[in-house]
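A.B. asks: Read the first sequence against this note's numbering and you will find it ends at 593, with the numbers running on by one and no gaps.
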Amino acid sequence: MKAQIADLVTQALARLADDGVIETSAVSTPVVERARDPSHGDFATNVAMVNSKAAKLRPRDLAERLVAALPDSALVAGVEIAGPGFINFRLTDNAYHALVPEILRLGHEYGRSRLGAGKKVQVEFVSANPTGPLHVGHGRGAAYGAVVADLLAAVGFDVHREYYVNDAGRQMDILGTSVWLRYLELCGEAFDFPSNGYKGDYVWDIAATLHREHGDDYRHTAEELFAGVPADAPQGGDKEAHIDGLIRRAKDLLGDNRYRYVFELGLNVILDDIRDDLSLFGVDYQEWYSERSLVESGAVNKAIDRLREAGHLYEKGGAWWFRSTDFGDEKDRVVVRDNGQSTYFASDIAYHMEKLERGFDRVIDVWGADHHGYVPRVKAALQAMGGDASKLDVLLVQFAILYRGGEKAQMSTRSGEFITLRELRKEVGRDAARFFYVMRKCEQHMDFDLDLAKSQSSDNPVYYVQYAHARIHAVLRQAADKLIDVTPSEGTHNLDRLVETHEIDLLKTLSRYPEVVETAALNEEPHQLTHYLRDLANDFHTYYNAHQFLVDEANLRDARIKLILATREVLRNGLNLLGVDAPEQM
RNA sequence: GCGCCCGUAGCUCAGCUGGAUAGAGUACCGCCCUCCGAAGGCGGGGGUCACAGGUUCGAAUCCUGUCGGGCGCGCCA
8 MKAQIADLVT QALARLADDG VIETSAVSTP VVERARDPSH GDFATNVAMV NSKAAKLRPR
68 DLAERLVAAL PDSALVAGVE IAGPGFINFR LTDNAYHALV PEILRLGHEY GRSRLGAGKK
128 VQVEFVSANP TGPLHVGHGR GAAYGAVVAD LLAAVGFDVH REYYVNDAGR QMDILGTSVW
188 LRYLELCGEA FDFPSNGYKG DYVWDIAATL HREHGDDYRH TAEELFAGVP ADAPQGGDKE
248 AHIDGLIRRA KDLLGDNRYR YVFELGLNVI LDDIRDDLSL FGVDYQEWYS ERSLVESGAV
308 NKAIDRLREA GHLYEKGGAW WFRSTDFGDE KDRVVVRDNG QSTYFASDIA YHMEKLERGF
368 DRVIDVWGAD HHGYVPRVKA ALQAMGGDAS KLDVLLVQFA ILYRGGEKAQ MSTRSGEFIT
428 LRELRKEVGR DAARFFYVMR KCEQHMDFDL DLAKSQSSDN PVYYVQYAHA RIHAVLRQAA
488 DKLIDVTPSE GTHNLDRLVE THEIDLLKTL SRYPEVVETA ALNEEPHQLT HYLRDLANDF
548 HTYYNAHQFL VDEANLRDAR IKLILATREV LRNGLNLLGV DAPEQM
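1. DSSP state of Gln473, grouped into three classes?
2. If Arg369 and Lys9 are in contact, beta carbons under 8 Å, what's the gap, nearest whole angstrom?
3. Since Met8 is in the alpha helix (DSSP H), which residue starts that stretch and which ends it?
4. Buried or exposed for Asn552, please, with buried defined as at least 16 other CB atoms from any protein chain shown within 10 angstroms of its CB.
5. Terminal residues of the continuous beta strand (DSSP E) containing Ile88?
6. For Gly252 and Tyr266, I'd like the C-alpha separation in whole angstroms.
7. Roughly how many angstroms lie between the CA atoms of Leu517 and Thr574, to the nearest whole one?
8. How would you label Asp2, buried or exposed, when you count the other beta carbons within 10 angstroms and need 16 or more for buried?
9. Residues in its own chain within less than 8 Å of Leu73 by CB, not counting five upstream and five downstream?
10. Counting pairs of beta carbons, one from the region 73-82 and one from the region 122-136, are three or more of them closer than 8 Å?
11. Buried or exposed: which applies to Arg478, given that a residue is buried once 16 or more other Cβ atoms fall within 10 Å of its Cβ?
12. Just to confirm my understanding: we take Ala234, look at its own chain, exclude 5 residues before and 5 after, and list those with CB closer than 8 Å. What are they?
13. What separation, rounded to the nearest whole angstrom, lies between the Cα atoms of Val445 and Ala481?
14. In chain order, which continuous runs of the alpha helix (DSSP H) of length 4 or greater are located wholly inside the region 344-399?
15. Among Arg437, Ala156, Tyr358, Ile277, which one has its Cα closest to the Cα of Trp211?
16. Does DSSP classify Leu403 as helix, strand or coil?
17. Please check the pair Leu191 and Leu232, which I expect to be a contact at CB under 8 Å, by giving their CB distance rounded to whole angstroms.
18. When the Cβ atoms of the region 177-186 are set against those of the region 143-157, are three or more pairs found closer than 8 Å?
19. Quick check: the Cα distance between Asp458 and Leu285, rounded to an integer number of angstroms?
20. Taking the C-alpha atoms as reference points, what is the distance between Val162 and Leu540?
21. Cutting at 8 Å between CB atoms, please list the residues of its own chain near Thr99, excluding the five before and the five after it.
22. So, is Thr508 buried or exposed, given that buried needs 16 or more other C-beta atoms within 10 angstroms?
23. Let me know if Ala475 comes out buried or exposed under the rule of 16 or more other beta-carbons within 10 Å of its beta-carbon.
24. Between which two residues does the beta strand (DSSP E) containing Leu320 stretch?
25. Name the residue from Ile511, Gly347, Ser120, Leu389 whose alpha carbon lies nearest to the alpha carbon of Leu106.
26. Considering only the alpha carbon of each residue, which of Arg579, Ile571, His452 lies closest to Leu536?
27. Could you tell me the distance, in whole angstroms, from the CA atom of Val11 to the CA atom of Gly586?
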């Protein structure tokens, strides 16, 4: 609808250009916006003000010339010049009526477009280390990334959702060793658990599985275990040196195969849990990309060699450094440690290079805001390797602070650990969690009110929107009870009966939906959709209160039923994009 | 100290990338079910857009500085 108005303006501009009033080259593409104030009509454009200099006319004079040059359109009921030179368009009711059969015909396609023209976009999100269950901090990134991906798909991009699995590296060794240590405790060995080990209950669970299935096969004595290991922090030592020592002992005592078995047991159990958790949260991926596969395929070493050959590496203190400061980073970064191990950053260089090589037109990373300092070095590496760093966009998601009873609730009361995503889902439900997480723009710190998310009242925006959908179904059920046929008539039949203010307002809101999806997608702003759906639900509830739908007069009833069926369609489409259920009953 | 993000109604937040008189929800007060679900609707009060400059026809929005809050500045990931 907006595009149709913009088209009229473009034609008017072209006419003026033909007449030599303005130079074609100077004409900027017209910006047509929804009028904020109803008294300004439905759409407004500022072209006259923007182009007044190029036309050497005062804005209002140019506006008059433009209005005179506008082609006739059945959509437009009136055009006015207002304020400093705005051109306001008022549409006919018929223009809105025509929308209803279009929405009913398009169904779940209404709001979708081919704007993205099938361009390949990768969205990588969550990518939490598989060293424990997802907690609520990951939840926002999960919900946000999933909706951004779905929005991009809705406007015609070819979207590839990916989870980068950090299954290599020191943290995973710490996990594997933690599992083995808990296993040894189950075998009856007594010792102090390392202060830097993973202490969550889930580690016990994995260890118990190992013990149940393999008895004492993996047992070694505590004395063997701690032989030559530096002291832990509580004993006046260093916790990092202590855990590294234990990892070394685990590898030595178990040998490659058995160590790997324990390591993979821990990895697989946790990864399965994460997959399951995300799937129940309505988050699905096309690919789970393994960091270890990058290491084992040699891609990481290849990336390092490539940087070295291009002269971007230097040796200092036994380590290899990437001169990222050449590309705007604050300081240089280590890619190979003095012990010969490549860093996480080295894997990430290889990974991001590989993303570009896979042929994505655009690569989106969704990261927690605490990683923001990491962005310049990744972009620096891509540049250094000759990649197009502008294809990479990193979207930073701020933390969500949970509140319960007005108090901060970051810790789980039971375990004393961070509240898991699973616990959140159980407490407030998937729909509320998904909706709340994307209600705010990502760079905004968010207060997540658990009590509100749980409440089944109009205060709760999720219920408010879902209720509008359920209410429409209640009307249809009511019609069925009264044996009223609600099959909509063809095309625009009877729609000229929709003349009430509430009806036109609702139609206008319905017409906005494709624009909302488009801007929400292109700006990666799911919150625009949540706000829109609240508006739409509000328009519907207001209408519902003001007018009866199942009236005796068949033609009017048909028109109203068609309108609420169209409303149902848009509510459902919008909620679907958010990963929220559209219930028929509540 | 340096870098990134954020300061808008009592509270939680929008504000369509520079437009017209700054908007919602919530909370507070007052109304509305003989009527399709009151999980709803209507009305009311409430603002120095943190502060100070600058850019221009026009600034909550852009630039600079100050103040306040969050995060980051590892041979961790």
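C-beta atoms are modelled at their ideal positions from N, C-alpha and C, and glycine is treated no differently.
C.D. replies: Let me spell this out:
1. helix
2. Cβ atoms of Arg369 and Lys9 stay farther apart than 8 Å, at about 25 Å.
3. From DSSP, Met8 is part of no alpha helix (DSSP H); its letter is neither H nor E.
4. exposed
5. Its beta strand (DSSP E) spans residues 83-89.
6. The straight-line gap separating the alpha-carbon atoms of Gly252 and Tyr266 is approximately 15 Å.
7. 7 Å
8. Lying before the first or after the last residue shown, residue 2 is absent from the chain, which here runs from 8 to 593.
9. Val16, Ala19, Leu20, Leu23, Val54, Ala55, Ile94
10. No: fewer than three Cβ pairs fall under 8 Å.
11. buried
12. Arg256, listed in sequence order.
13. 28 Å
14. Those alpha helix (DSSP H) runs which fall completely within the region 344-399 and span 4+ residues are 351-364, 382-391.
15. Ile277
16. Here Leu403 sits in strand by DSSP.
17. Taking C-beta atoms under 8 Å as the contact rule, Leu191 and Leu232 qualify, at a distance of about 7 Å.
18. no
19. CA-to-CA, the gap between Asp458 and Leu285 works out to about 23 Å.
20. Val162 and Leu540: Cα-Cα distance of roughly 18 Å.
21. Ala81, Leu82, Val83, Ala84
22. exposed
23. buried
24. 320-323
25. That would be Ile511, whose Cα lies nearest to the Cα of Leu106.
26. Arg579
27. Per the sequence shown, residue 11 should be read as Gln rather than Val. For Gln11 and Gly586, the distance between alpha carbons rounds to 31 Å.
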